[in-house]
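Listed in order, the protein sequences are those of chains U and W.
Quick note: the first sequence uses my numbering, first residue 5, plus one each step.
Quick note: the second sequence uses my numbering, first residue 87, plus one each step.
A virtual CB, placed ideally from N, CA and C, is assigned to each residue, including glycine.
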Amino acid sequence: MTDIFFYIFSILTLACAFGVVISRNAVNGAMFLIGTFLSMASLFVLLEAYFLAVVQVLVYAGAVMVLFLFIIMLLDVKETATRKTSVYTWAASLIGFGILLVGVVAINSADSIKTKAEALPEAAGVNLKAFGYELFTTYLLPMQVTGFLLLIAMVGVIALSKKPNAQ
Amino acid sequence: MIGLEQYIGVSSLLFAIGFFGVLFRKNTLVMYMCLELMLNAANLALIAFSRYHGGMGGNLFVFFTITVAAAEVAVGLAIIVALFRKRQTVEVEELNALKD
Chain U
5 MTDIFFYIFS ILTLACAFGV VISRNAVNGA MFLIGTFLSM ASLFVLLEAY FLAVVQVLVY
65 AGAVMVLFLF IIMLLDVKET ATRKTSVYTW AASLIGFGIL LVGVVAINSA DSIKTKAEAL
125 PEAAGVNLKA FGYELFTTYL LPMQVTGFLL LIAMVGVIAL SKKPNAQ
Chain W
87 MIGLEQYIGV SSLLFAIGFF GVLFRKNTLV MYMCLELMLN AANLALIAFS RYHGGMGGNL
147 FVFFTITVAA AEVAVGLAII VALFRKRQTV EVEELNALKD
């Protein structure tokens, strides 16, 4: 049963991602991106990371995409043809894809990583209490740094959005 | 039953699609959305590794990644709006003031 769900949601994820890349209208692209994020949240559920699935829907499909759609409609950009691609673009993309393929093959053929479903350990991400405990003990410094980063981002956005000559 | 290979495959394909999008589109906003796709592909790989390893480190790292990505989107979109206000365009090929 979970196999069928995995195939459904992974195909949906990849199809929506492809829609983001090929759609002419930026608003359609943003809608496809919401579809990608939602089906990705379903994949997180299949991996038993329930909290992160909820965060994915709230933060990505909610806040980030609202921001994207707001900016797209605010700027009202007219979509034109795709970029004229040089031979360097093709070469760079092919080399990048080749390196990615090599990495994936190396991971899948490594003996040290248990990749079989039979050797599946107990899911650690299910336990929300342990999640919070780890966040405030082992990862306390990254937590504080992340909070500070959010503050810096807020100040940066306010500074960037101000009109340059508004004294 | 689904193994780790399938998840890594989906994640790498998603990353490749985002990468192609960044290279082949010229609207800055669409390029930015493709960057988000690439970040999400990395998140999926991290969660899959964490699930098959049995630890919690990957999950926590994804939590931090999502936070940083949200901050990044806010700042990046503010930069795009500031750029549009100054140059009246979001096409990358017209934003070449540093080139010449």
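Query, Result
"Cutting at 8 Å between CB atoms, please list the residues of its own chain near isoleucine 94/W, excluding the five before and the five after it.", "Ala131 and Ala134"
"Shortest alpha-carbon distance to threonine 141/U belongs to which of Leu115/W, Leu90/W, Gly143/W and Glu179/W?", "Gly143/W"
"To the nearest angstrom, how far is the alpha carbon of isoleucine 103/W from that of valine 25/U?", "7 Å"
"Nearest CA to the CA of alanine 45/U: which residue from Thr89/U, Phe152/U and Phe9/U?", "Phe9/U"
"What did DSSP end up calling asparagine 187/W once you bin it into helix, strand or coil?", "Absent from the model: residue 187/W. The displayed extent of chain W is 87 to 186, so no value can be given."
"Taking any Cβ of chain U, which residues in the region 161-172 of chain W have a Cβ under 9 Å from it, in chain order?", "Val161, Leu163, Ala164, Ile165, Ile166, Val167, Ala168, Phe170, Arg171 and Lys172"
"Please confirm if the region 55-69 of chain U is in contact with the region 96-116 of chain U, defined as three or more CB-CB distances below 8 Å between the two stretches.", "no"
"Going by DSSP, what residue range makes up the alpha helix (DSSP H) through lysine 166/U?", "First-last for lysine 166/U: undefined, no H or E at that position."
"Taking its Cβ as the centre, do 16 or more other Cβ atoms sit within 10 Å of phenylalanine 109/U, making it buried, or is it exposed?", "It should be noted that the sequence gives valine, not phenylalanine, for residue 109/U. It is exposed - the Cβ of valine 109/U has fewer than 16 other Cβ atoms within 10 Å."
"Could you spell out the range, first to last residue, of the alpha helix (DSSP H) harbouring glutamine 174/W?", "First-last for glutamine 174/W: undefined, no H or E at that position."
"With a Cβ-Cβ cutoff of 8 Å, do alanine 155/W and serine 165/U count as a contact?", "no"
"Of the residues that make up the region 33-50 of chain U, which ones have a beta carbon closer than 8 Å to any beta carbon in chain W?", "Gly33, Ala34, Leu37, Thr40, Phe41, Met44, Leu47, Phe48 and Leu50"
"Would leucine 123/W be called buried (16 or more neighbouring beta carbons within 10 Å of its own) or exposed?", "buried"
"Identify every residue that forms a DSSP beta bridge with asparagine 113/W.", "Glu177/W"
"So is alanine 102/W in contact with chain U if we call contact Cβ pairs under 8 Å?", "yes"
"Taking 8 Å as the CB-CB limit, is serine 90/U close to chain W?", "no"
"When DSSP labels each residue in this structure, what does tyrosine 64/U get in the three-state scheme?", "helix"
"Please confirm if threonine 17/U has its CB atom under 8 Å from at least one CB of chain W.", "yes"
"Go ahead and pull the three-state DSSP assignment for tyrosine 30/U.", "This sequence places alanine at residue 30/U; tyrosine is not what is there. Three-state result, alanine 30/U: helix."
"Tell whether a beta-carbon distance below 8 Å holds between leucine 47/U and leucine 100/W.", "no"
"How long is the line joining the alpha carbons of phenylalanine 152/U and threonine 153/W, rounded to whole angstroms?", "11 Å"
"As a quick exercise: from Val116/W, Glu158/W, Gly141/W and Gly89/W, pick the residue whose alpha carbon is nearest that of valine 81/U.", "Val116/W"
"Would you tell me roughly how many angstroms separate the C-alpha atoms of glycine 23/U and phenylalanine 72/U, rounded to the nearest one?", "16 Å"
"Would you please verify whether the beta carbon of isoleucine 8/U is less than 8 Å from any beta carbon of chain W?", "no"
"If you draw a straight line from the alpha carbon of glutamate 177/W to that of phenylalanine 149/W, how long is it in whole angstroms?", "32 Å"
"Put tyrosine 143/U into one of helix, strand or coil per three-state DSSP.", "coil"
"Going by DSSP in three states, lysine 185/W sits in which element: helix, strand or coil?", "coil"
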